[in-house]
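Enquirer:
In our numbering, the protein residues as written are 49 to 507.
#1: What is the residue span of the beta strand (DSSP E) that residue 119 lies within?
#2: Just confirm the distance between the C-beta atoms of residue 119 and residue 104, as a whole number of angstroms; I'd bet it's less than 8 Å.
#3: Look at the alpha carbon of residue 235 and the alpha carbon of residue 241, and state the distance between them as a whole number of angstroms.
#4: Keeping to the same chain, check which residues put their C-beta closer than 7 Å to that of residue 277; ignore five residues upstream and five downstream.
#5: Helix, strand or coil for residue 142, going by three-state DSSP, please let me know.
#6: State the DSSP-derived secondary structure class of residue 91, mapped to helix, strand or coil.
#7: Could you tell me if residue 327 is buried or exposed, where buried requires 16 or more neighbouring beta carbons within 10 angstroms of its beta carbon?
#8: Please confirm if the stretch 402-414 is in contact with the stretch 351-367, defined as three or more CB-CB distances below 8 Å between the two stretches.
#9: Whole angstroms are fine: how far does the CA of residue 152 sit from the CA of residue 354?
#10: Would you call the stretch 327-347 and the stretch 220-230 in contact, with 3 or more CB pairs under 8 Å?
#11: Can you name, in chain order, every residue of its own chain whose Cβ lies under 7 Å from the Cβ of residue 317, other than the five neighbours on each side?
#12: Around the C-beta of residue 190, are 16 or more other C-beta atoms found within 10 angstroms, so that it is buried, or is it exposed?
#13: Could you check the C-alpha separation between residue 184 and residue 282 for me, to the nearest Å?
#14: Please name the residue, chosen from 332, 375, 436 and 125, that lies closest to residue 10 on a Cα-to-Cα basis.
#15: In the stretch 176-206, which residue ranges form an unbroken beta strand (DSSP E) of at least 3 residues, counting only runs that do not cross its ends?
#16: Compute the Euclidean distance between the alpha carbons of residue 141 and residue 207, then round it to the nearest angstrom.
#17: Assess contact between the stretch 129-139 and the stretch 161-170, defined as three or more Cβ pairs (one per stretch) separated by less than 8 Å. Is contact present?
#18: With distance defined between alpha-carbon atoms, name the residue in 211, 297, 443 and 447 nearest to residue 274.
#19: Quick check on the DSSP output: what are the complete beta strand (DSSP E) runs of length 3 or more inside the stretch 314-385, in order along the chain?
#20: Could you pull out every residue in the same chain whose Cβ sits closer than 8 Å to the Cβ of residue 467, ignoring the five residues on either side in sequence?
#21: Can you give me the C-alpha to C-alpha distance between residue 444 and residue 192, rounded to a whole angstrom?
#22: Per DSSP, which one or two residues make a beta bridge with residue 84?
#23: State buried or exposed for residue 406, treating a residue as buried only when at least 16 other CB atoms are found within 10 Å of its CB.
#24: Just mark residue 97 as buried or exposed, buried being the case when its beta carbon has 16 or more other beta carbons within 10 Å.
#25: Assuming residue 397 contacts residue 441 (C-beta within less than 8 Å), just tell me the rounded distance between them.
#26: Hey, how far is the Cα of residue 315 from the Cα of residue 231?
#27: Taking three-plus beta-carbon pairs below 8 Å as touching, is the stretch 256-263 in contact with the stretch 318-325?
#28: Opposite residue 273 in the DSSP bridges: which residues?
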């Protein structure tokens with residue numbers, strides 16, 4: 049019996065060894081570090097783990113192991129910092145352009161800097177100094193920003209990993225927001241991508257609700273499910289995670305075409321050329337691998353205290369409700385209410401629109417709130433949304449005159465109509481104007497027929 053018991057223990061030990069050994073190997077096989085991108089991954093590891101936002105790295109945009117200089121920048125919070133830093137970079141860039149021009153002329157390197165720059169190209173056959181002169185690129189370091197992202201990630205990673213696991217996806221994908229948003233759920237990009245996963249409006253609307261009332265891109269949990277579905281479909285169509293991740297940045301259709309033409313990730317990385325497949329798309333997978341490495345290393349640092357997930361409970365609203373009324377009833381501060389419900393847009397939080405019917409409201413998980421959820425008063429709810437009216441632009445109208453007419457701010461009018469400072473309004477154009485409604489659901493008007501009739505009357 050003792051011998052049999054020892055054999056069983058040995059089997060269990062071998063099984064555990066195999067399983068624990070197989071997991072890293074499995075992850076590596078799904079997210080391979082191709083030799084051709086090793087220099088790129090190493091570069092991004094330095095960007096995320098070594099250089100701060102006070103340092104600008106001047107490098108060759110094709111060969112990322114060629115770094116010309118580290119430019120020390122002034123603090124970005126200093127008045128006029130952007131202008132000063134731009135000038136510092138301009139001076140440094142011109143200096144190295146001049147050196148590369150000298151080397152391109154065929155003259156032997158004479159100065160110390162010329163010899164150093166020339167040595168950077170020695171491992172490359174037939175280097176083109178003319179090409180290198182036009183390929184100098186600036187990359188701002190991200191170490192401090194990345195660290196803040198790691199701290200923030202503690203609040204979201206457990207839920208993100210649960211969602212990925214439920215959908216049968218690799219947990220490594222949970223680290224992609226380090227590249228996209230530094231785990232800032234309210235991040236917006238220059239191209240209007242939003243949230244932790246940086247969905248654009250066009251892609252986001254395939255999976256999420258995005259309007260002037262709610263923007264589900266800003267809800268970490270809903271956006272994570274959407275990102276998981278999007279990545280899963282990328283992988284189904286492309287067959288590998290390097291291609292699926294590159295498609296997350298470049299676009300699925302474009303990556304499918306590139307795969308049909310060139311086949312492997314390595315071939316696409318080296319040979320694919322299009323107006324849209326530029327530095328960011330070419331380096332996206334390398335950035336992901338670097339972020340994964342740096343983040344996991346920082347997670348093991350005992351001196352870094354990461355944020356904890358908020359304990360929350362949820363309630364599916366059976367009608368439209370005013371945000372202030374919900375806050376008052378549940379005793380939740382505006383800050384906590386907004387933090388737990390980031391998808392709610394400013395018109396809702398400011399009371400110009402209601403929290404929509406069917407919205408999954410998140411609240412602090414306290415005993416008193418759970419009790420209140422089970423005794424919701426009907427007076428909290430309205431049977432229709434606050435109506436939106438439209439103003440037809442007439443000759444002589446301006447944004448400011450229209451805003452004054454309806455007692456709203458110019459900022460609100462431009463935001464709700466997706467205008468910017470350069471946008472000109474034209475005669476005949478229809479502008480959305482927020483208005484207030486006050487129709488409540490009575491205890492005797494909750495029938496499906498009444499709600500359907502109300503829905504039909506909505507503009």
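Ideal placement from N, C-alpha and C gives every residue a C-beta, glycine not left out.
It should be emphasised that the depicted structure is a prediction, and the values quoted were computed from it without experimental measurement.
Expert: Considering the structure as presented:
#1: Boundaries of the beta strand (DSSP E) harbouring residue 119: 115-120, taken from the DSSP string.
#2: The Cβ separation is near 4 Å, so the contact holds.
#3: Those two C-alpha atoms are separated by around 8 Å.
#4: The residues 255, in chain order, have a CB closer than 7 Å to that of residue 277 in the same chain once the five nearest residues on each side in sequence are set aside.
#5: Here residue 142 sits in helix by DSSP.
#6: Three-state DSSP puts residue 91 in a helix.
#7: With fewer than 16 other beta carbons inside 10 angstroms of its own, residue 327 counts as exposed.
#8: Judged by Cβ distances under 8 Å, the stretch 402-414 makes contact with the stretch 351-367, as three or more pairs qualify.
#9: Taking the straight line from one Cα to the other gives about 50 Å.
#10: Between the stretch 327-347 and the stretch 220-230 there are three or more inter-stretch CB-CB distances shorter than 8 Å, so the stretches are counted as touching.
#11: Same-chain partners within the cutoff: 84, 85 and 330.
#12: By the neighbour-count definition (other C-beta atoms within 10 Å, threshold 16), residue 190 is a buried residue.
#13: Across the structure, residue 184 and residue 282 are spaced so that their CA atoms are roughly 33 Å apart.
#14: Past the boundaries of the shown model lies residue 10; the chain is included only from 49 to 507, so the question cannot be answered.
#15: The stretch 176-206 is shown to contain whole beta strand (DSSP E) runs of 3 or more residues at 184-188, in chain order.
#16: Between residue 141 and residue 207, the C-alpha separation is close to 44 Å.
#17: Short answer: they don't touch.
#18: Checked all of 211, 297, 443 and 447; the closest Cα to residue 274 is 211.
#19: As far as the stretch 314-385 is concerned, its whole beta strand (DSSP E) runs of at least 3 residues are 360-364.
#20: Taken in chain order, the residues that qualify are 447, 461 and 473.
#21: Residue 444 and residue 192 have their alpha carbons spaced roughly 50 Å apart.
#22: Residue pairing of residue 84 in beta bridges, as defined by DSSP: absent, with no partner found.
#23: It is exposed - the Cβ of residue 406 has fewer than 16 other Cβ atoms within 10 Å.
#24: The residue is buried, with at least 16 neighbouring Cβ atoms inside 10 Å.
#25: Residue 397 to residue 441, Cβ: 28 Å. No contact.
#26: Within the model, the alpha-carbon separation for residue 315 versus residue 231 is close to 31 Å.
#27: As far as the Cβ criterion goes, the stretch 256-263 does not touch the stretch 318-325, which means the pair count is below three.
#28: In the DSSP assignment, residue 273 is bridged to no other residue.
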